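Here is the structure we will look at.
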Amino acid sequence: MVDIGGRSVQLSCQGSGVPTVVFEAGLSVDGSLSWSAVQGKIAAHTRACAYSRPGLMWSDPSDAAPDGKRVAIELHATLINAGEHGPFVLVGHSLGGLYVMSFTRHFGREVVGLVLVDPSHPEQVERVAGLMTESRSMLSRIGVAFAWSGILRAAAPVLLPQAPHQSERDARAIRAYAPKSLSTQLAESDSTNRTLAEARAFRDLGSRPLVVLTAMAPYTTAELRGMKITPEQGNQVQAIWKQLHEDLATWSSRSRHQLLPNSGHNIQFDDPDAVVDAVLSVVNTVRTDQRPESP
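Under the working numbering, the sequence shown has 153 at position 168, and the numbering climbs by one with no breaks.
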């Protein structure tokens, strides 16, 4: 646990080496356990840190609205107070993709690369809202815009089977802390408009190595029912999602966009090796960049 101004934030770091990989979870209740299937594999090659945002799992709640800027500031304080000074490769899943963008905007000198795992996009609400049956205001208020990208599964772990590549111990911990974590998740959902607006103002990652991973497995019947859309509309949503990720890949001059046809939104559980390969490719690029030139 790391103290940040009288509040404790759970941070788990493994391995050694440079750069340090920092994992940022999506809009879920899992906290640092979102990365349990990949963190150890990355730690075999370099320093790897995962944490639970304030209010999730073991971490004390924040005293401010959890928008992108606040999340970035609290993550930075957590890392610095724990003695983790970078340089950092940031890995963000879903809404966590926008959180790591915000971190890069505010602490860019410490960020040397990024991996975005089926990430959110600042224009996703506008692009997808027309396909949903709820009103635009309702989409914004309760975060239904994120339902089609996996939030419903993440929001109710007590109703769902254990994720692939997830230990029973982790699944029990998530269920035990779900009542506490869910209130924070809802607060984060209520703050998504601000987070999206912040991300719109930052679309330039320079030449930092970037990998964007896109889940392309067809939506299940349950997911379509939860989103209140038809299979045809589901295909349209996926096409929009792919286009948005293609746009994200243009934010860096050194990027790769990879489609994963057999993975759902939670790629880190459905296809953890794809995440590991993407992260290590960025780590190796960073190390090559930092290697002194031969005389």
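Ideal Cβ placement from N, Cα and C applies to all residues, glycine included.
Keep in mind the model is a prediction, meaning the values are calculated, not measured.
Collapsed DSSP secondary structure at residue i in the structure displayed
i	result
residue 36	strand
residue 156	helix
residue 81	helix
residue 232	helix
residue 73	strand
residue 276	coil
residue 141	With a pLDDT of 44 at residue 141, under the threshold of 50, the modelled position of this residue cannot be trusted, and the question is left open.
residue 171	helix
residue 282	There is simply no residue 282 to check, as the chain begins at -14 and stops at 280 in what is shown.
residue 264	helix
residue 226	helix
residue 150	coil
residue 203	coil
Beta-ladder partner(s) of residue i, from DSSP
i	result
residue -1	33
residue 19	According to DSSP, which records beta bridges pairwise, residue 19 is partnered with nothing at all.
residue 110	Note: residue 110 sits in no beta bridge, so no partner.
residue -7	-12
Endpoints, beta strand (DSSP E) assigned at residue i
i	result
residue 199	194 to 200
residue 179	Premise fails: residue 179 lies in the alpha helix (DSSP H), 177 to 185, not in any beta strand (DSSP E).
residue 8	5 to 9
Residue i classed as buried or exposed, judged by whether at least 16 other C-beta atoms fall within 10 angstroms
i	result
residue 251	buried
residue 25	exposed
residue 10	buried
residue 153	exposed
residue -14	exposed
residue 29	exposed
residue 166	buried
residue 78	buried
residue 238	exposed
residue 48	exposed
Cβ neighbours of residue i in the same chain (closer than 8 Å, five flanking residues each side left out)
i	result
residue 51	38, 39, 40, 169, 172, 173 and 176
residue 259	198, 243, 245, 248 and 252
residue 182	107
Own chain partners of residue i with C-beta closer than 7 Å, once the 5 adjacent residues on each side are dropped
i	result
residue 159	14, 15, 18 and 142
residue -11	59, 62, 63 and 66
residue 216	209
residue 112	225 and 229
residue 22	150, 151, 253, 254 and 257
residue 189	236
Contacts around residue i, its chain only, beta-carbon distance under 6 Å, and the 5 residues preceding and following it disregarded
i	result
residue -8	45
residue 234	197, 240 and 242
residue 98	74, 193, 194, 267 and 271
Range covered by the alpha helix (DSSP H) that runs through residue i
i	result
residue 99	Not the alpha helix (DSSP H): residue 99 falls in the beta strand (DSSP E), residues 96 to 102.
residue 253	252 to 255
residue 58	53 to 66
residue 211	206 to 212
residue 25	24 to 28
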